[in-house]
Structure formats: structure tokens, C-alpha cells
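The letter at position 265 of the sequence shown is residue 265 when you use this note's numbering, and the numbering goes up by one with no holes. For glycine and all other residues, C-beta sits at the position ideal for the given N, C-alpha and C.
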Amino acid sequence: MSPSTPLLRGVNLTEIESLALSSQLNMADGHARQELTKAQRSIVDELPDLFAKAAAQPVDDLEREAHRAYLHLLHQHSYPTRPGGVLTCYSSSVAMEILARSLVPAGGGPVALVHPTFDNIPDLLRGNGLRLLPVEEDVLHEGSVSAAVPEGVRCLFITTPNNPTGRVLAEQRLAAIAAECAARDVVLALDTSFRGFDTRSHYDHYAVLRDSGCRWVVIEDTGKLWATLDLKVGLLASSDHVGLPLAKIHSDILLGVSPFVLVLVTRFAEDAAAGGLADLHRFIADNRALVRATLADVPDLAFPDGDARVSVERVDLGERRCLDVWTRLRQSGIYVLPCSQFHWADPARGDHSLRIALARVPGALEAAVRALRAVLLRP
């Protein structure tokens, strides 16, 4: 057993990320920590006016504006506009907690969950007493539709684009899976928190889900795109006939989010629609290229997600153990994520890979990756 193994046994990814928050070379969490663009800095200069707008305008109007600006930015034009159709939360994790609680009284079989994925999703589901059944990514994307929706499950939960792999569920595949869920009365839940980074996921998911007739829930997240110091919202959208007490549980947890944050989200979404989103895509692509070029000559190393566009990059370490590499990097104040915890049903499958966050200042990212290269080349 590696001497570093006990250090992170039983520790979740968010706990690991929290260790890095004060580091100048924090490449661990997937939050946006790059510099603001010139246009985004001008929005920050507007903060007094935005605060006044938030104080003066009805919250319902601000909420509708934020939903419209953000979801239309990502081509989600068919999202539900009925009262309660989209519930606004502090974060996507709060939305996930609401969904998990709502599934508890539904009874029945386990929740089928994509494998691998970020471990707070299985943790929140299990924390509410739900049994989980892993569904491998290849099965979801390429296997038979009946295998993608296992017999006896009450809910199928898919992260698309997935974290950490970046895989996107194609429109035709979503339609087929949603139709299968409708036929079996299975709730289909999607976490689309990384949708903004990948135009392949900008088809109208809500139209596909509506047309399928299935019961569905979608979690959205503004917090991955813009470096707004974690001023963000999570959205919890659902079908008319979802049959889950989402609104009641939402009211148990919060009254509402800050109207100031709603105004801020609207302005950043407007800037993104005016060209800022395309700029962000180029920025992430350049940082990904930087990582791959810096590590290109390291023996026995690979990038398993060659077509990924999300703001994280997995690195396959070959025979090296991720916890050993993580420990050596931490000694120098550099933080990435070991991938064991992403494989929530079989952690050993992630023991030889790391995840690097790309939404960072390029100079800091390059310094961290050069340090990683030095560790990997060390005898």
C-alpha cells in the first residue's frame, strides 16, 4: 500500500478542493478562477447601479430575466416558464440536495447514476438513504437503450457534459433514453452544470424531454463559467408531471436567492451572448493545449478525454499512483484532484489519473503543470 493512501481515504473531492483554496497554484476545483475580461470588468464597475436595480425591481421579474438570459444563452429555449417550473437555488449542490430528498418518499428501486462522475452527487443521493446502481458511460452513450435504463430503477441520473470526462449525451441518444424512461415511468435527471463549455450540448434539451413525455428534472449551474467570486445560482427545472415534492422541499431549505446575484447573472449572460462565451471557449482550449504541450514528453502519460471541451482535463499517469503524485505536488503548494473519488462505485479505477482545472490564469496553470512534469519525470 502506498504511504499516501491513508491521507485521502474517506475524504471527498470537495474536502480536497478546500485544502487548495488559499494556494496560488490551485488547479483542483472546477470553479471559474480566471481573470475577468475587459467587458466583465466593466460589469463590475456597474455594481452600484446593479445593486440599486436589484433593490428596486420585483424579485419575480429579476428571476425571470436571469432564467431567460442564462438559458437562452445556451439555446435552452423550451425551458418551463410556468410558476415553479424553474426553482432558483444558491448552487447546483443545493438543487441536487432538493432532488435527492424528493426521491426518498417515492419508494421503489435504486437510482441509476452515471459512472464515473463528481462524488458529491452520489454522496448527496446516498446521504438521503437512496440506493445507487452505477451505469457506465459507454453504456449510456453507446450501449442498448434498455441497458442504459436498468430494470427496476426509480430514477436515472446523467451528468452531461460529464465531470471529469467531458462526454456529452448526443441529442438522438437523449431522445431515445427519455423515451425509454417514459415507457417505464422512470424519472430522468440531468446535471448540465458544464453545458456552457461545449456547443455540442447546446441543443434544446428541454424540447427533447418535453417531446418524450417522460418525467424529468434538470440541474443547471451558472458558477462554472464566470469568475464572479462564487456569486452564482443553481437552477432546478422540472416537467409539469414530475410527481416529486420539489417546490415544497425548496421552500424547506431557502426563501430565495439574492436579487443582486440574479442581476449579476443576467449581466454576465448578456455579455457572454455578445461574444464572451466564444472567448471563454478559446481561453479554455488554449489552456488545455498548454497542459498537453507541457506534458507531451512525459513517458507513459496520456490524455484519455481527447475531445473534451469542459474546463477540466484528466491525465492518465500510467503506472504511477495519483495519490503519490498528489502528495508530492502538495508539498510544493500545488493542488490538483486525484481521480479515485470520481469512480464512486470502484475507486481503484481512478487510482492512476489526475484532474487539472483549466479555468485559471495561464501563468499559474503553466507553473503548476511544469511542477507536475518535474514530479512525473523524477526517478
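Extent of the continuous beta strand (DSSP E) run through residue i
i           : result
residue 155 : 155 to 159
residue 316 : 312 to 316
Strand pairing of residue i, partner residues [DSSP]
i           : result
residue 216 : 188
residue 346 : In DSSP, residue 346 forms no bridge with anything.
residue 135 : 114
residue 335 : 26
residue 221 : 234
residue 340 : Bridge partners of residue 340: none, in fact.
residue 302 : 316
Spatial distance of residue i from residue j (CA atoms)
i           : j           : result
residue 357 : residue 312 : 4 Å
residue 6   : residue 158 : Low confidence applies to residue 6: its pLDDT is 43, below 50, so where it sits in the model is not reliable, and the reading given next is rough at best. Near 31 Å, if we compare the C-alpha coordinates of residue 158 and residue 6.
residue 340 : residue 185 : 33 Å
residue 129 : residue 11  : 19 Å
residue 180 : residue 82  : 26 Å
residue 264 : residue 45  : 12 Å
residue 316 : residue 55  : 49 Å
residue 347 : residue 330 : 21 Å
residue 187 : residue 156 : 6 Å
residue 154 : residue 244 : 12 Å
residue 216 : residue 152 : 17 Å
residue 300 : residue 376 : 10 Å
residue 271 : residue 378 : 45 Å
residue 176 : residue 374 : 46 Å
residue 308 : residue 302 : 14 Å
residue 19  : residue 125 : 24 Å
residue 162 : residue 90  : 21 Å
residue 231 : residue 261 : 6 Å
residue 1   : residue 323 : Summary for residue 1: the model assigns pLDDT 31, below 50, so the residue's position carries little reliability; its value from the coordinates is reported in the next sentence. Between residue 1 and residue 323, the C-alpha separation is close to 11 Å.
residue 4   : residue 237 : Annotation note: pLDDT 36 at residue 4 (below 50); position unreliable, coordinate value reported separately. Their Cα atoms are separated by approximately 42 Å.
residue 74  : residue 147 : 30 Å
residue 327 : residue 164 : 20 Å
residue 367 : residue 259 : 38 Å
residue 101 : residue 372 : 40 Å
residue 174 : residue 208 : 7 Å
residue 268 : residue 80  : 22 Å
residue 105 : residue 248 : 13 Å
residue 168 : residue 24  : 31 Å
residue 150 : residue 112 : 7 Å
residue 36  : residue 120 : 28 Å
residue 394 : residue 220 : Since the displayed the chain opens at 1 and closes at 379, residue 394 lies outside it and no answer follows.
residue 85  : residue 294 : 46 Å
residue 17  : residue 240 : 37 Å
residue 320 : residue 170 : 34 Å
residue 343 : residue 13  : 11 Å
residue 354 : residue 229 : 25 Å
Span of the alpha helix (DSSP H), counted from its first residue to its last, around residue i
i           : result
residue 376 : 362 to 377
residue 359 : Looking at the DSSP string, residue 359 is not in any alpha helix (DSSP H), and its letter there is neither H nor E.
residue 322 : 322 to 330
residue 267 : 259 to 271
residue 201 : Per DSSP, residue 201 belongs to no alpha helix (DSSP H) and is neither H nor E.
residue 11  : Unbroken run through residue 11: none, as it is neither H nor E.
residue 44  : 38 to 45
residue 352 : Segment: none, residue 352 is in no alpha helix (DSSP H) and carries neither H nor E.
residue 293 : 277 to 294
residue 148 : 145 to 148
Check: residue i C-beta below 7 Å from any heavy atom of the ligand ATP
i          : result
residue 21 : In the structure shown, the ligand ATP is absent, as is every other ligand, since no ligand is present at all.
Inset, instruction - Only counting runs of 4 or more residues, tell me where the alpha helix (DSSP H) segments fall wholly within the region 50 to 132, in order along the chain. - result: Counting only runs of 4+ residues, the alpha helix (DSSP H) found wholly inside the region 50 to 132 occupies 59 to 73, 92 to 103 and 120 to 127, in chain order.
Inset, instruction - Could you pull out every unbroken beta strand (DSSP E) segment of at least 3 residues lying fully inside the region 225 to 251, listed in chain order? - result: Inside the region 225 to 251, DSSP marks whole beta strand (DSSP E) runs of 3 or more residues at positions 234 to 238, from first to last along the chain.
Legend entry - Cβ contact check for the region 207 to 223 and the region 44 to 58: 3 or more pairs under 8 Å: By the Cβ rule, the region 207 to 223 does not count as touching the region 44 to 58, because fewer than three pairs are nearer than 8 Å.
Inset, instruction - Could you tell me whether the region 269 to 289 touches the region 124 to 141, using the rule of 3 or more Cβ pairs below 8 Å? - result: With a cut-off of 8 Å, the region 124 to 141 and the region 269 to 289 do not count as touching, because too few Cβ pairs lie within range.
Inset, instruction - Tell me, please, whether the region 326 to 337 touches the region 22 to 31 by the rule of three or more beta-carbon pairs shorter than 8 Å. - result: Judged by Cβ distances under 8 Å, the region 326 to 337 makes contact with the region 22 to 31, as three or more pairs qualify.
Inset, instruction - Say whether the region 116 to 124 touches the region 141 to 155, bearing in mind that this needs 3 or more beta-carbon pairs closer than 8 Å, one atom from each stretch. - result: Touching, no, given that fewer than three Cβ pairs across the two stretches are closer than 8 Å.
Inset, instruction - Pair every Cβ in the region 213 to 227 with every Cβ in the region 192 to 205, then say whether three or more of these pairs are closer than 8 Å. - result: Note that the region 213 to 227 touches the region 192 to 205; at least 3 beta-carbon pairs, one per stretch, sit closer than 8 Å.
Inset, instruction - Assess, as a yes-or-no matter, whether the region 92 to 107 is touched by the region 248 to 255 under the definition of 3 or more beta carbon pairs within less than 8 Å. - result: Contact holds between the region 248 to 255 and the region 92 to 107, because three or more Cβ pairs, one in each stretch, are under 8 Å apart.
Legend entry - Given 8 Å, three or more beta-carbon pairs between the region 282 to 290 and the region 358 to 371: The region 282 to 290 vs the region 358 to 371: in contact.
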